[in-house]
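The structure under discussion appears below in the form of structure tokens.
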């Protein structure tokens with residue numbers, strides 16, 4: 001498996017960077033993550049929009065233009081030949097002489113195999129809530145201090161993942177957005193969250209009998225929901241069965257599965273679009 | 001210059017780690033920073049207490065015992081021969097196969113030359129305030145996302161550094177604690193800050209006519225103070241002349257300089273203690 005560092009390919013075992021890098025020294029970096037299906041990157045323009053936006057917000061210059069970055073990704077895809085994969089693009093603060101001042105960023109692109117999840121019959125997730133507001137929420141930074149630290153807490157609570165809330169206002173999961181379904185609405189947080197690409201695609205769907213609403217909602221509303229689900233690039237729309245040990249709805253996740261099917265159609269359209 | 005990685009010495013140009021490390025992938029790591037004077041680490045037991053505490057809080061195992069870590073540092077000091085230096089000990093989440101799960105931590109020790117600041121005649125700092133509460137504040141994590149991102153903001157405000165406050169309650173600087181001096185009190189925040197070693201040493205001093213108080217205080221109180229200063233391992237007690245463009249006190253920093261002199265005495269005592 002090859003890894004691209006500043007647009008040069010290295011075998012994974014040789015893909016090293018200096019400990020002077022600001023990601024190691026100061027946790028300073030952004031990233032993005034998209035998937036390929038049959039060697040075709042999905043929704044790449046959306047991911048590029050977010051990646052360049054994150055870079056700008058953090059005053060990091062991307063040396064490659066969008067076209068060049070696209071080419072760098074295609075070069076990696078061609079070399080690795082992992083048709084269904086996740087592509088992680090990391091941009092760090094660079095090799096800082098004083099371990100503090102930002103310099104020329106380092107660009108790392110890593111490809112890993114991805115099992116495409118169809119999830120029509122899969123069991124839903126159990127989430128455990130935690131009071132935490134991600135800093136600089138609209139930027140996809142590499143800051144997962146709480147998520148990683150709380151892996152133990154998640155296990156102790158027999159859960160699969162965290163559900164962050166800001167003093168009771170539900171926000172998101174560490175690597176996914178979060179939705180609830182009521183009688184006629186499909187609700188997701190609007191503020192202080194990462195604007196997920198899958199979230200955006202979901203909000204563009206038409207679901208007969210339901211309206212999409214972006215607003216604050218409480219943990220109590222989530223407990224009382226008919227359905228709950230997460231959205232992410234790897235999991236699409238994936239049912240949530242339990243929050244804080246409480247069962248959500250009747251476990252059928254009818255709307256979630258319908259949304260997931262629609263997402264798969266969108267992905268298929270994009271996948272065929274250029275290949 | 002040599003750098004220690006997992007207790008092996010590497011030339012700085014060869015001190016690289018895999019991009020699979022969780023510091024690069026997820027900003028996950030802790031560190032500590034102490035200084036040496038004439039090749040003697042100062043207050044090393046205090047720094048070790050904090051380092052092992054940080055590691056425990058973040059569920060990172062330090063493979064080396066305190067004695068072994070001390071030996072690793074002395075080995076690096078002996079090899080580099082930089083009598084007056086800063087020693088940075090970084091502990092990361094390790095090389096994670098899935099880029100998310102914590103594994104065996106990596107321990108990196110970096111030594112850099114340090115100019116010993118006597119500061120009796122130096123100009124004070126200009127700070128600019130910013131509303132930000134550090135996450136997991138009692139732990140010295142590598143998270144400096146805001147500090148690095150705001151370097152531009154600091155420059156634009158003709159300041160030397162940031163002063164974080166939590167909705168008006170003054171907290172600390174990115175790399176230093178913060179004190180104000182009133183008629184008879186020397187005040188520093190108590191909660192939601194990093195417990196600096198230099199801060200602790202200052203609080204142990206006796207300053208005739210003054211009482212040390214640990215409590216919340218506002219930006220307005222800081223603007224009105226007779227003196228203000230920061231405390232850190234590199235700067236000891238260092239005067240602050242301006243906050244948000246407002247001059248603090250009469251600029252003489254009498255108490256700050258007295259405290260700094262006392263600190264230098266403590267440091268000298270420690271330096272002679274074991275050498």
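Chains as they are written, first to last, in my numbering: chain A, 1 to 275; chain B, 1 to 275.
The beta-carbon is built from N, C-alpha and C at its ideal position, and this holds for glycine as well.
Keep in mind the model is a prediction, meaning the values are calculated, not measured.
Rounded straight-line distance, which links the Cα of residue j to that of residue i
{"i": "residue 275 of chain B", "j": "residue 235 of chain B", "result": "No answer about residue 275 of chain B holds up, because its pLDDT of 42 lies below 50 and its placement is not dependable."}
{"i": "residue 143 of chain B", "j": "residue 269 of chain B", "result": "33 Å"}
{"i": "residue 177 of chain A", "j": "residue 58 of chain A", "result": "22 Å"}
{"i": "residue 238 of chain B", "j": "residue 101 of chain A", "result": "21 Å"}
{"i": "residue 68 of chain B", "j": "residue 252 of chain B", "result": "45 Å"}
{"i": "residue 228 of chain A", "j": "residue 75 of chain A", "result": "39 Å"}
{"i": "residue 249 of chain B", "j": "residue 186 of chain B", "result": "14 Å"}
{"i": "residue 167 of chain A", "j": "residue 267 of chain B", "result": "44 Å"}
{"i": "residue 17 of chain B", "j": "residue 23 of chain A", "result": "12 Å"}
{"i": "residue 154 of chain A", "j": "residue 261 of chain A", "result": "29 Å"}
{"i": "residue 8 of chain B", "j": "residue 107 of chain B", "result": "10 Å"}
{"i": "residue 96 of chain A", "j": "residue 13 of chain B", "result": "13 Å"}
{"i": "residue 212 of chain B", "j": "residue 264 of chain B", "result": "19 Å"}
{"i": "residue 158 of chain B", "j": "residue 242 of chain B", "result": "10 Å"}
{"i": "residue 145 of chain B", "j": "residue 272 of chain B", "result": "38 Å"}
{"i": "residue 254 of chain A", "j": "residue 66 of chain B", "result": "56 Å"}
{"i": "residue 133 of chain A", "j": "residue 209 of chain B", "result": "43 Å"}
{"i": "residue 71 of chain B", "j": "residue 54 of chain B", "result": "20 Å"}
Neighbourhood of residue i by C-beta distance below 8 Å, restricted to the same chain and skipping five residues each side
{"i": "residue 83 of chain A", "result": "36, 37, 38 and 39"}
{"i": "residue 258 of chain B", "result": "207"}
{"i": "residue 183 of chain B", "result": "226"}
{"i": "residue 223 of chain B", "result": "243, 244, 246 and 248"}
Same chain, Cβ closer than 6 Å to residue i, five either side skipped, listed in chain order
{"i": "residue 60 of chain A", "result": "91 and 105"}
{"i": "residue 256 of chain B", "result": "227, 229, 237 and 239"}
{"i": "residue 205 of chain B", "result": "262"}
Residue i and residue j closer than 7 Å at C-beta
{"i": "residue 200 of chain B", "j": "residue 30 of chain B", "result": "no"}
{"i": "residue 281 of chain B", "j": "residue 99 of chain B", "result": "Chain B is shown from 1 up to 275; residue 281 of chain B falls before or after that span and cannot be answered."}
{"i": "residue 165 of chain B", "j": "residue 131 of chain B", "result": "yes"}
{"i": "residue 161 of chain B", "j": "residue 173 of chain B", "result": "yes"}
{"i": "residue 128 of chain B", "j": "residue 244 of chain B", "result": "yes"}
{"i": "residue 193 of chain B", "j": "residue 171 of chain B", "result": "yes"}
{"i": "residue 15 of chain B", "j": "residue 62 of chain A", "result": "no"}
{"i": "residue 28 of chain B", "j": "residue 136 of chain A", "result": "no"}
{"i": "residue 126 of chain A", "j": "residue 180 of chain A", "result": "no"}
For residue i, the nearest candidate out of the options (CA to CA)
{"i": "residue 33 of chain B", "options": "B/42, B/164 and B/247", "result": "B/42"}
{"i": "residue 78 of chain B", "options": "B/197, B/66, B/189 and B/4", "result": "B/4"}
{"i": "residue 188 of chain B", "options": "B/133, B/157 and B/221", "result": "B/221"}
{"i": "residue 124 of chain B", "options": "B/246, B/51 and B/264", "result": "B/246"}
{"i": "residue 110 of chain A", "options": "A/1, A/211, A/168 and A/170", "result": "A/1"}
{"i": "residue 216 of chain B", "options": "B/169, B/182 and B/145", "result": "B/169"}
{"i": "residue 49 of chain A", "options": "A/6, A/157 and A/138", "result": "A/138"}
{"i": "residue 81 of chain A", "options": "A/205, A/66 and A/112", "result": "A/112"}
{"i": "residue 219 of chain B", "options": "B/163, B/209, B/71 and B/210", "result": "B/163"}
{"i": "residue 56 of chain A", "options": "A/21, A/156, A/70 and A/93", "result": "A/93"}
{"i": "residue 103 of chain A", "options": "A/11, A/54 and A/21", "result": "A/21"}
Paired residues, beta bridge with residue i - DSSP
{"i": "residue 230 of chain A", "result": "A/178 and A/238"}
{"i": "residue 8 of chain A", "result": "A/5"}
{"i": "residue 86 of chain A", "result": "A/35 and A/112"}
{"i": "residue 204 of chain B", "result": "In DSSP, residue 204 of chain B forms no bridge with anything."}
Residue i beta carbon near the ligand COA (any heavy atom closer than 6 Å)
{"i": "residue 124 of chain B", "result": "Questions concerning the ligand COA fall outside what the structure shown contains, since it holds no ligand whatsoever."}
Close Cβ partners of residue i (< 7 Å) along its chain, the five nearest in sequence each way excluded
{"i": "residue 233 of chain A", "result": "33, 34, 35, 197 and 198"}
{"i": "residue 114 of chain A", "result": "35, 84, 85, 86 and 234"}
{"i": "residue 73 of chain A", "result": "41, 87 and 109"}
{"i": "residue 51 of chain B", "result": "32 and 89"}
{"i": "residue 6 of chain B", "result": "106 and 107"}
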